[in-house]
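Chemist: Take a look at this one; I'll ask things after.
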Amino acid sequence: MIASIDFGASSTKAAILRPETGRVERVLFEGAPDFPSAIYLAKSGAVLVGNRAISYRGRNPLRLCTELKQHVNREAEGSSARRVLRLGGDELPLVDAMSAVLGHAYAAIREQSGGPPAQVVLTHPVTWGGARKALLRKAAERAGIRSVLHLVSEPEAAVRHVLAHVPGELPVPVALLDIGASTSDLVVLTWSADGRLVPLFQDGTQAGGDDFDAGVLDHVASRLSERGRRSFAKLREEQPYEAWTVARQTKHELSELPESSFSVEYEDLPDVPIRRERFEEATEDVVEECTAALENAIDTLGGSNPVRSVVLSGGSSSVPAVCGEAERLARNPGARFFLAGELEKGAESAAVALGAVRTAPRYEIRMENRPVFSLPEKALLLPRATPVEIKGGYVYKSAKQCISTYKRGKGHRSKVRVGSVTGYVWSLEYDRDNGTVFSGTDNGLVQAWAVDDGRLDDMKFVGRVMSVFGFLRDQIVVAMTARRNWVAWGQKNGEGEIYQRTDGNWVRKATFQTPAPITKMAFTHHPHYLVTWDEEALRLFAPLGGEQLCSVTFAPAKHDAAFDSERGRVYVAGGGTLTCYRAVRKLLVSEFEVRLGSSALVQVGRSPGGRAVVLAYDPDESELIAVDGVTGAVLARCGAEFEGNAEMVRPVGKGYFLVLSGSHLFRVDLVRTEA
1 MIASIDFGAS STKAAILRPE TGRVERVLFE GAPDFPSAIY LAKSGAVLVG NRAISYRGRN
61 PLRLCTELKQ HVNREAEGSS ARRVLRLGGD ELPLVDAMSA VLGHAYAAIR EQSGGPPAQV
121 VLTHPVTWGG ARKALLRKAA ERAGIRSVLH LVSEPEAAVR HVLAHVPGEL PVPVALLDIG
181 ASTSDLVVLT WSADGRLVPL FQDGTQAGGD DFDAGVLDHV ASRLSERGRR SFAKLREEQP
241 YEAWTVARQT KHELSELPES SFSVEYEDLP DVPIRRERFE EATEDVVEEC TAALENAIDT
301 LGGSNPVRSV VLSGGSSSVP AVCGEAERLA RNPGARFFLA GELEKGAESA AVALGAVRTA
361 PRYEIRMENR PVFSLPEKAL LLPRATPVEI KGGYVYKSAK QCISTYKRGK GHRSKVRVGS
421 VTGYVWSLEY DRDNGTVFSG TDNGLVQAWA VDDGRLDDMK FVGRVMSVFG FLRDQIVVAM
481 TARRNWVAWG QKNGEGEIYQ RTDGNWVRKA TFQTPAPITK MAFTHHPHYL VTWDEEALRL
541 FAPLGGEQLC SVTFAPAKHD AAFDSERGRV YVAGGGTLTC YRAVRKLLVS EFEVRLGSSA
601 LVQVGRSPGG RAVVLAYDPD ESELIAVDGV TGAVLARCGA EFEGNAEMVR PVGKGYFLVL
661 SGSHLFRVDL VRTEA
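Take 1 as the starting number for the sequence shown in UniProt numbering and just add one per residue.
Written out as structure tokens, the structure is:
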């Protein structure tokens, strides 16, 4: 699921796109399609948002801020991150105020969609540079938005909405002018040779709907007596929100009617009638400033790539003078003219949010029909025959006492004998950081191998160098993990060892004991722990000393576990759920739990952008499911049937996974496609 948040100067809107259906829906805030972009700083330090903030204005108007975005717009590029709001004698960092608004929108998104979105698109004025956009991103992160974040300019987002609703094919280049409350932004887009929308021109001004509202207030003041002007000035000082709200309502009424009236109950202020022509005279300069970017674009592109379509969106796009001027400018190059509000009812002010969700990339799962590698038939007769991916190829058990390598494009490269005379190969592990393969045998011996272009060079044993009939004492090495000069393994009898390589030598750092044989294990990098999985419990160990720090037990069921070592996360699938745990301060803390059918097979990889992704296989539904590893949001689904008992193989690269089905290893790609 993809969500968008349009952090506007007067109000904030949000939308949701469900990729499986292509349906876009508005997010409702207590039944309304938006909420005021306002905050109220309580004396306790609590930050109230939206309508609740407005409801507190009577307590102390000086603690209310309704111009958050205007504060960002007014700051010089590069200084906005240091901005502090002063509200009623207290200070609040601007980023925290923005964070409160974004967090309020995000909470509504999660409530309406039933969970976190995989991606969130944030919109911004086209004139915002790197510092302002970084401030917006920082505010989102402080709001607890852990989804993948994308930023897109407001007019570009609105164009996407128009393209989805305009009948027929929209002539390009298309110019979209979005008139917001505090800015007017324009972008001219056309299709590239590879089918992407690319900008030809973009510009913007800090003039918008607020300036039209100011024109209403100035006109009202000019029609009042001296006594009335004093009362009016007092109103604007003591109750600014009421004054601006009535001005905005009057503006909208004048967009539909030839005459309206500014009416507010305050002292002895009379109602002030306003005719549309007087309003247009008072705001003539505002109309010119709001449409200046459109005129500039048409003139600049006129000779080489003339504008073919002009679209007007934004809350003040319905002002007749603005609409008329934009339509007049469109006639110059013979362009078609559209109002976003006419393409979809009520979309003139929501086009940015509704279009922003369409700008995010989509993900899909693709599986190659041909295997990338096939195990020899005799290898399938060996216990635990699952191969291990190494850089450029694979290592696998080719005989009871031998391991071999397969180099992509070059075929089988090396075959070596491992262990002692009586030992059989049981486990394999690859340390991608150092390019080292580790083999474990059924008599408890672990051996290191350097990999050079598919060839295996003996780096000698880690720990013991000899053991006779260790399998009779359940010393079979059933699980191993290696990462950055650390290696650990567990035996069938529950005993485990941890070694660190120092000055070329392997030094034992700890031993540990588990009540059941370990199935999988991994080191975490931040922080540094050892996590083991024995199908009954997750256990967290200290690598130095081997102390068990904590454990999480599970009801008997078919489970599988996968590890994201870089971020210290463990994913456990089974019983119809996928649960994410994270190693934090000597504890395994549950971060999220999502329902994924009967999935009981998982592996962790990286998206094309490098973010953690979990691939789960649901055997009952014959379905592969890609899940965002940070939020648990589903990225993509794909039907898949595998021969026999499928097994997941840990990938080395980004954006793909490996599944062993029978004797064949298949590659599964998570593909990112641009919108």
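All residues carry an ideal CB built from backbone N, CA and C; glycine is no exception.
Quick caveat, the model's predicted, so the values are computed rather than measured.
(1) List the residues that DSSP assigns as beta-bridge partners of residue 678.
(2) Quick one: residues in its chain with C-beta nearer than 8 Å to the C-beta of Ala-385, no 5 flanking neighbours on either side, listed in chain order?
(3) Between the C-alpha atoms of Ser-80 and Glu-591, what's the straight-line distance to the nearest angstrom?
(4) Nearest CA to the CA of Asp-560: which residue from Ile-518, Leu-122, Gly-568 and Val-416?
(5) Provide the residue span of the alpha helix (DSSP H) that contains Met-459, from first to last.
(6) Tell me the rounded alpha-carbon separation between Arg-569 and Ser-607.
(7) Quick one: grab the DSSP three-state call for Val-352.
(8) Could you say which of Phe-338, Leu-217 and Arg-196 lies nearest to Arg-358 if we only look at CA atoms?
(9) In whole angstroms, what separates the C-alpha of Lys-391 from that of Gly-653?
(10) What does a CB cutoff of less than 7 Å around Glu-674 pick up in its chain, not counting 5 residues either side in sequence?
(11) Which full runs of the alpha helix (DSSP H) of 4+ residues lie inside the region 228-289, going along the chain?
(12) Return helix, strand or coil for Ala-516, following the three-state DSSP convention.
(13) For Ala-353 and Asp-6, which I take to be in contact (beta-carbon distance under 8 Å), what is that distance rounded to the nearest angstrom?
(14) State the Cα-Cα distance for the pair Asp-458 and Ser-427, rounded to the nearest angstrom.
(15) Tell me the start and end of each unbroken beta strand (DSSP E) in the region 67-122 that is at least 3 residues and wholly inside, in chain order.
(16) Between Ile-103 and Ala-140, what straight-line distance do the alpha-carbon atoms span, to the nearest angstrom?
(17) How is the alpha helix (DSSP H) around Arg-331 delimited, first residue to last?
(18) Measuring alpha carbon to alpha carbon, tell me which residue in Gly-662, Cys-402 and Glu-566 is nearest Val-425.
(19) With distances taken Cα to Cα, identify the nearest neighbour of Val-552 among His-219, Thr-579 and Val-95.
(20) Please list the terminal residues of the continuous alpha helix (DSSP H) segment that includes Leu-380.
(21) Taking just the CA atoms, how far does Asp-96 sit from Arg-248?
(22) Here's the rule: buried if 16 or more other CB atoms are within 10 angstroms of the residue's CB, otherwise exposed. What is Trp-191?
(23) Please go through the same chain and pick out, in chain order, the residues whose beta-carbon is closer than 8 Å to the beta-carbon of Phe-147, but skip the five residues on each side of it.
(24) Near Tyr-656, what residues of its chain come up, given a Cβ to Cβ distance below 6 Å and the 5 sequence neighbours on each side ignored?
(25) From the DSSP output, which residues share a beta bridge with Ser-374?
(26) I'd like the span of the beta strand (DSSP E) that includes Asp-452, first residue to last.
(27) For Ala-14 and Glu-25, I'd like the C-alpha separation in whole angstroms.
(28) Do Ser-313 and Asp-178 have their C-beta atoms within less than 8 Å of each other?
(29) State yes or no: is the C-beta of Gly-494 within less than 8 Å of the C-beta of Thr-532?
(30) Taking the alpha helix (DSSP H) that Val-159 falls in, what are its first and last residues?
(31) Which stretch, first to last residue, makes up the beta strand (DSSP E) that contains residue 678?
(32) Look up His-124 in the DSSP assignment and say whether it is helix, strand or coil.
(33) Does the beta-carbon of Pro-387 have 16 or more other beta-carbons within 10 angstroms, so that it is buried, or is it exposed?
(34) Going by DSSP in three states, Val-604 sits in which element: helix, strand or coil?
Modeler: According to the structure shown:
(1) No statement about residue 678 is possible, as the shown extent of the chain runs from 1 to 675 and does not include it.
(2) Here residue 385 is taken as the residue at index 385 of the sequence shown, counted from 1. Cβ within range, chain order: Leu-375, Ala-379, Tyr-396 and Lys-397.
(3) On the sequence shown, residue 80 is found 80 positions in, with the first residue counted as 1. On the sequence shown, residue 591 is found 591 positions in, with the first residue counted as 1. Low per-residue confidence applies at Ser-80: pLDDT is 46, beneath 50, and the placement is therefore not dependable enough to give any value.
(4) Residue 560 sits at position 560 when you count from the first residue of the sequence shown. Among Ile-518, Leu-122, Gly-568 and Val-416, the Cα nearest to that of Asp-560 belongs to Ile-518.
(5) As a first step, residue 459 is located in the sequence shown; it is residue number 459 there, counting from the start. Premise fails: Met-459 lies in the beta strand (DSSP E), 455-462, not in any alpha helix (DSSP H).
(6) Sequence index remark: in the sequence shown, residue 569 carries index 569 (1-based). Sequence index remark: in the sequence shown, residue 607 carries index 607 (1-based). If you take the alpha carbons of Arg-569 and Ser-607, they lie about 16 Å apart.
(7) Here the question's residue 352 lines up with position 352 in the sequence shown. Correct three-state label for Val-352: helix.
(8) Here residue 358 is taken as the residue at index 358 of the sequence shown, counted from 1. Arg-358 has its Cα closest to that of Arg-196, out of Phe-338, Leu-217 and Arg-196.
(9) Here residue 391 corresponds to residue number 391 of the sequence shown, with the count starting at 1. Here residue 653 corresponds to residue number 653 of the sequence shown, with the count starting at 1. Each residue's Cα considered, the two are about 9 Å apart.
(10) What you label residue 674 is simply residue 674 of the sequence shown in a count that begins at 1. The answer, listed in chain order, is Arg-196 and Pro-361.
(11) 240-256 and 276-282
(12) As a working note, residue 516 is residue 516 in the sequence shown. If DSSP states are grouped into helix, strand and coil, Ala-516 belongs with coil.
(13) Stepping through the sequence shown from its first residue, residue 353 is reached at position 353. Stepping through the sequence shown from its first residue, residue 6 is reached at position 6. With a Cβ gap of about 4 Å, Ala-353 and Asp-6 count as contacting.
(14) As a first step, residue 458 is located in the sequence shown; it is residue number 458 there, counting from the start. As a first step, residue 427 is located in the sequence shown; it is residue number 427 there, counting from the start. One C-alpha to the other measures close to 16 Å.
(15) 84-87 and 90-93
(16) Translated into positions along the sequence shown, residue 103 becomes position 103. Translated into positions along the sequence shown, residue 140 becomes position 140. Per the sequence shown, the amino acid found at residue 103 is Gly instead of Ile. Going by the C-alpha atoms only, they are around 7 Å apart.
(17) Here residue 331 refers to the residue found at position 331 of the sequence shown. Note, Arg-331: alpha helix (DSSP H), 320-331.
(18) Indexing the sequence shown from 1 puts residue 425 at position 425. The residue with the shortest Cα to Cα distance from Val-425 is Cys-402.
(19) Working through the sequence shown from its first residue, we reach residue 552 at position 552. Of His-219, Thr-579 and Val-95, the residue nearest in Cα terms is Thr-579.
(20) Along the sequence shown, one-based indexing puts residue 380 at 380. Looking at the DSSP string, the run of the alpha helix (DSSP H) that includes Leu-380 is 377-380.
(21) For the purposes of this step, residue 248 is taken as the residue at position 248 of the sequence shown. For the purposes of this step, residue 96 is taken as the residue at position 96 of the sequence shown. One C-alpha to the other measures close to 27 Å.
(22) In the sequence shown, residue 191 corresponds to position 191, counting from 1. The residue is exposed, with fewer than 16 neighbouring Cβ atoms inside 10 Å.
(23) Walking along the sequence shown from the start, residue 147 turns up at place 147. What sits at residue 147 in the sequence shown is Ser, not Phe. Excluding residues within five positions, the ones whose Cβ falls inside 8 Å are Ala-3, Pro-116, Pro-117, Ala-118, Gln-119, Val-120, Asp-628, Val-630, Thr-631 and Ala-633.
(24) Translated into the one-based positions of the sequence shown, residue 656 becomes position 656. The residues are Arg-667 and Asp-669.
(25) In the sequence shown, residue 374 corresponds to position 374, counting from 1. Beta-bridge pairing links Ser-374 to His-664.
(26) The residue labelled residue 452 in the question sits at position 452 within the sequence shown. Counting along the chain, the beta strand (DSSP E) containing Asp-452 begins and ends at 446-452.
(27) Reading the sequence shown from its first residue, position 14 is the one you call residue 14. Reading the sequence shown from its first residue, position 25 is the one you call residue 25. Those two C-alpha atoms are separated by around 9 Å.
(28) In the sequence shown, the residue the question calls residue 313 occupies position 313. In the sequence shown, the residue the question calls residue 178 occupies position 178. Yes, they are a contact pair.
(29) The residue labelled residue 494 in the question sits at position 494 within the sequence shown. The residue labelled residue 532 in the question sits at position 532 within the sequence shown. Cβ atoms of Gly-494 and Thr-532: not closer than 8 Å.
(30) Here residue 159 refers to the residue found at position 159 when the sequence shown is read from its first residue. 154-165 is the span of the alpha helix (DSSP H), which, as asked, contains Val-159.
(31) No answer is possible for residue 678: it lies beyond the span of the chain, which begins at 1 and ends at 675.
(32) In the sequence shown, counting from the first residue as 1, residue 124 sits at position 124. DSSP places His-124 in strand when its eight states are reduced to three.
(33) On the sequence shown, residue 387 is found 387 positions in, with the first residue counted as 1. Counting Cβ neighbours within 10 Å, Pro-387 comes out buried, since at least 16 surround it.
(34) Counting from one through the sequence shown, the residue named residue 604 turns up at place 604. Here Val-604 sits in strand by DSSP.
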